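Protein chains in written order, with our numbering: chain B, 118 to 502; chain H, 118 to 502. No residue lacks a Cβ here, since even glycine has one placed at the ideal position from N, Cα and C. Computed from a predicted structure; not experimentally measured. Below is one structure, written out as structure tokens; comments come after it.
Printed below as a string of structure tokens:
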């Protein structure tokens, strides 16, 4: 990959480096508004894009009614629900698969409890690549339906999510599969950083003052930081926004770490919150999140479930944007941030709405594509059938 | 509206006319790829677009794996699930609301059982306009949640869907509200015809040989016909595609009318099919559908529920596209069409995937925004509270 000039290991992440300069995002460039628009800052060589579904290029909405409600004339919503499986996970999936198509890898794997697994199953189907997903046995049946409907193999692991991650990563190493696990593959952050580039272009090549995003494992926020930082490195921006990360009160390990106070059990209870998409007790790249927030002069805030459900309703009723509770966390976080003086109503503030759950028909489930496993041998045997 | 030169009443529809010429869709025009790209062929005057959410510009997917499965190298999927509420109804909603914003009308109304109501509720919220929706009392609770979550007023009518339509239309007349009822407002067809323009542009300014779409009330297919016909009228295309309309076997009034054989009760049973989105016993503009199909040398076909569920799974597994059963009907119809010699595997065939159901959290429902009504007086009193 000629574009990537090196990589640095830091805070548990691998950071790809480029030869930063202003020509990497040329002004008035032609080409459609998708994430491939930023090819010069992505780890893919020249040549036609193989991945057959347009990804990214999501709208930055002015949301006039919401602006009025909030008394914030420069508020923006970056609506990632407009991606193919209605979440920003589609970006990471697409870049990992594009790499796989170029290298002729025939299988992609991930462990996930939710949107990342659905994005992987549908994305792999679009690319004609096999998806092998590892979940905990307590995974929701509707999500299993979505994954198997798209033809993915889904292996259920009794020992829980952490064991599912271990099996998925071991399978990737052993069988040479694409590893799309959060925090494991630097391509996931490379893909998600394009959100920052898009917002900057949509604001007429200026970063917002404040950028607010939900935080579960961390890649979404860390990628925003890398994207905005690269614009500065390229000489295309003179400053980066303050990043505000939002977690649910019931599961707020990084808010507690940010504040330097230990989290009680009620603050580390993922099953207790409606925001399942960000309810992660041990975030995969938590240290990188704290670094990113610190660097930009931002903060971490926690929000109640009531505030999350209120944010879902406010996004729907004042902006016409449908979101799941985790996807709406940025709006709930904005209210806390304004209250605590972390953001001013006169500032340019962008909220990242990360996703929305999609509905499906259980009659399209394929139970023959699921199996309970404990070992890689069992995985291999199941796939041979 | 200077652009519209007149209108013709035909087959139960009002057809707006323009001064057709090739400059109406200029080549290499700038501007983003949304439905407003076709302003010169829409009933809105010059000046900035007020509606704050980008609509349309959905991808035409090559779906390589699906092409292989079907043995059809020139198969395309027009993916309308990429609209804000995941269906093509967003186009009609947006144009009706754009008109309302320009005329300073403060309320939009429609009767609907599904996606059109959700699109209206969310679209109105985005525009800062009040939505008043009329449904039958047997409307699904999840759909009611979505509508009220977005701040719409929802009036439930015990006498059923037809009575809900009557009340909605009477309210529009009496109170001067925007009337978004299917088949009532010519703007809904004007908006949906932009799908044809987009496909033509995406195929490098050529129409497909065959275009397949689900048919419920009819506007989606009729609008495709008007769009492709207008390209011919403009001198931008020399032919129109054959249109194939698809209905569910359990509710196929227009297939029976097309074949000239009376429908039995089992063929007019909307509750019996999984394709609720197109299960309409008395299509609002059925005659216009039959005209459109006849004009292009197309056909109407019926598909089984098994075929519809199979099409959902095939779209997911071979194209990475999530659809509800009604939204996947075009793929099920393609299989019938190929079998009956209505389409050839070597032809350029475009499938319209119209929509996908979205999921929501019932905790965000607002029961205070619903009431059971029988008369306009009751509607007026409820809204005054």
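Within chain H, the residues that residue 452 of chain B reaches when beta carbons sit closer than 9 Å: Ordered by position in chain H, no residue passes the 9 Å Cβ test against residue 452 of chain B, which lies about 16 Å from the chain.
Contact belief for residue 152 of chain H with residue 308 of chain H at Cβ below 8 Å, rounded distance in angstroms: Yes, residue 152 of chain H and residue 308 of chain H are in contact; Cβ-Cβ is about 7 Å, under 8 Å.
Inter-stretch contact (C-beta, 8 Å, three-pair minimum) for the segment 311 to 331 of chain B and the segment 383 to 390 of chain B: Between the segment 311 to 331 of chain B and the segment 383 to 390 of chain B, the count of Cβ pairs shorter than 8 Å is below three; the stretches do not touch.
Residue 274 of chain H - containing beta strand (DSSP E), residue span: Per DSSP, residue 274 of chain H belongs to the beta strand (DSSP E) from 270 to 274.
Where the segment 296 to 323 of chain H meets chain B: residues whose CB sits under 7 Å from a CB there: Taking 7 Å as the Cβ-Cβ cut-off against chain B, none of the residues of the segment 296 to 323 of chain H qualify.
Status (buried if at least 16 other CB within 10 Å, exposed otherwise) for residue 285 of chain H: By the neighbour-count rule (16 or more Cβ atoms within 10 Å), residue 285 of chain H is buried.
Closer than 8 Å to chain H by CB, residue 74 of chain B: What is shown of chain B runs 118 to 502, which leaves residue 74 of chain B out entirely.
Best match in B/491, B/447, B/349, B/403 for proximity to residue 370 of chain B [C-alpha to C-alpha]: Answer by Cα proximity: B/403.
Opposing strand residues paired with residue 331 of chain H [DSSP bridges]: Paired residues: H/363.
Three-state class that DSSP yields for residue 251 of chain B in the structure shown: Three-state result, residue 251 of chain B: strand.
Per-residue DSSP class, three states only, for residue 137 of chain H: The answer is coil: DSSP assigns residue 137 of chain H none of H, G, I, E or B.
Within the segment 378 to 447 of chain H, ranges of the beta strand (DSSP E) (whole runs, at least 3 residues): Complete beta strand (DSSP E) runs here, min 3: 416 to 420.
Integer-rounded CB distance, given that residue 199 of chain B should sit under 8 Å from residue 175 of chain B: 5 Å between Cβ atoms; contact.
Member of H/229, H/260, H/236, H/249 whose CA lies at the smallest distance from the CA of residue 282 of chain H: Distances from the alpha-carbon of residue 282 of chain H to those of H/229, H/260, H/236, H/249 put H/229 closest.
Interface flag, residue 170 of chain B vs chain H, CB-CB below 8 Å: Chain H, which has a Cβ nearer than 8 Å to the Cβ of residue 170 of chain B, makes this yes.
Residues of the segment 462 to 485 of chain H whose Cβ lies closer than 8 Å to any Cβ of chain B, in chain order: With the criterion set as a beta carbon lying under 8 Å from some beta carbon of chain B, the members of the segment 462 to 485 of chain H are 473, 474, 475, 476, 477, 478, 480, 481, 483, in sequence order.
Inter-residue CB distance, residue 367 of chain B and residue 401 of chain B (contact presumed, cutoff 8 Å): Their Cβ separation, rounded to whole angstroms, is 19 Å, which puts residue 367 of chain B and residue 401 of chain B out of contact at 8 Å.
Residue 334 of chain B, buried or exposed, once every other Cβ within 10 Å from all chains shown has been counted against 16: Around the C-beta of residue 334 of chain B, 16 or more other C-beta atoms lie within 10 Å, and the residue is accordingly described as buried.
Cutoff 8 Å: residue 239 of chain B Cβ touching any chain H Cβ: Yes, residue 239 of chain B counts as interfacial toward chain H.
7 Å Cβ shell around residue 513 of chain B - same chain, five flanking residues per side excluded: This structure gives no information on residue 513 of chain B, because the portion of chain B shown stretches from 118 to 502.
Beta-bridge partners of residue 475 of chain H, as assigned by DSSP: DSSP lists B/475 as partners of residue 475 of chain H.
Residue closest to residue 410 of chain H, alpha-carbon to alpha-carbon, out of H/434, H/361, H/469, H/428: Ranking H/434, H/361, H/469, H/428 by Cα distance to residue 410 of chain H puts H/361 first.
First and last residue of the uninterrupted beta strand (DSSP E) at residue 194 of chain B: Per DSSP, residue 194 of chain B belongs to the beta strand (DSSP E) from 192 to 196.
Neighbouring residues, chain H, relative to residue 199 of chain B (Cβ below 8 Å): Within chain H, the residues whose beta carbon sits less than 8 Å from that of residue 199 of chain B are 199, 201, listed in sequence order.
Chain B contact for residue 220 of chain H (CB, 8 Å cutoff): For residue 220 of chain H, the nearest beta carbon of chain B is not closer than 8 Å to its own beta carbon.
Backbone CA spacing between residue 72 of chain B and residue 226 of chain B [nearest angstrom]: Examination of residue 72 of chain B is not possible in this model, given that chain B is present from 118 through 502 alone.
Residue 429 of chain H: contacting residues in chain B (beta-carbon distance under 9 Å): What residue 429 of chain H touches in chain B: 266, 477, 478, 480, 481.
Chain B residues whose Cβ lies nearer than 8 Å to that of residue 434 of chain H: Those are 242, 266, 267, 268, listed as they occur along chain B.
Within 8 Å, strictly: CB atoms of residue 452 of chain B and residue 394 of chain B: Not a contact, by the Cβ cut-off of 8 Å.
Residue nearest to residue 192 of chain B in terms of C-alpha spacing, selected from B/461, B/490, B/488: Nearest C-alpha to residue 192 of chain B among B/461, B/490, B/488: B/461.
For residue 467 of chain B, the residue or residues it bridges with in DSSP: Beta-bridge pairing links residue 467 of chain B to B/193, B/328.
Opening and closing residue of the alpha helix (DSSP H) in which residue 285 of chain B lies: From DSSP, the alpha helix (DSSP H) with residue 285 of chain B extends over 278 to 292.
CA-to-CA distance, residue 235 of chain B to residue 260 of chain B, given in whole angstroms: Between residue 260 of chain B and residue 235 of chain B, the C-alpha separation is close to 7 Å.
Sequence-distant residues of its chain with Cβ nearer than 7 Å to residue 240 of chain B (five each side left out): Excluding residues within five positions, the ones whose Cβ falls inside 7 Å are 207, 210, 211, 214.
8 Å Cβ cutoff met for residue 339 of chain H and residue 450 of chain H: Judged by their CB atoms, residue 339 of chain H and residue 450 of chain H are not nearer to each other than the 8 Å cut-off.
Environment of residue 321 of chain B [buried if 16+ CB atoms lie within 10 Å]: By the neighbour-count criterion, in which 16 or more other beta carbons inside 10 Å mark a residue as buried, residue 321 of chain B falls on the exposed side.
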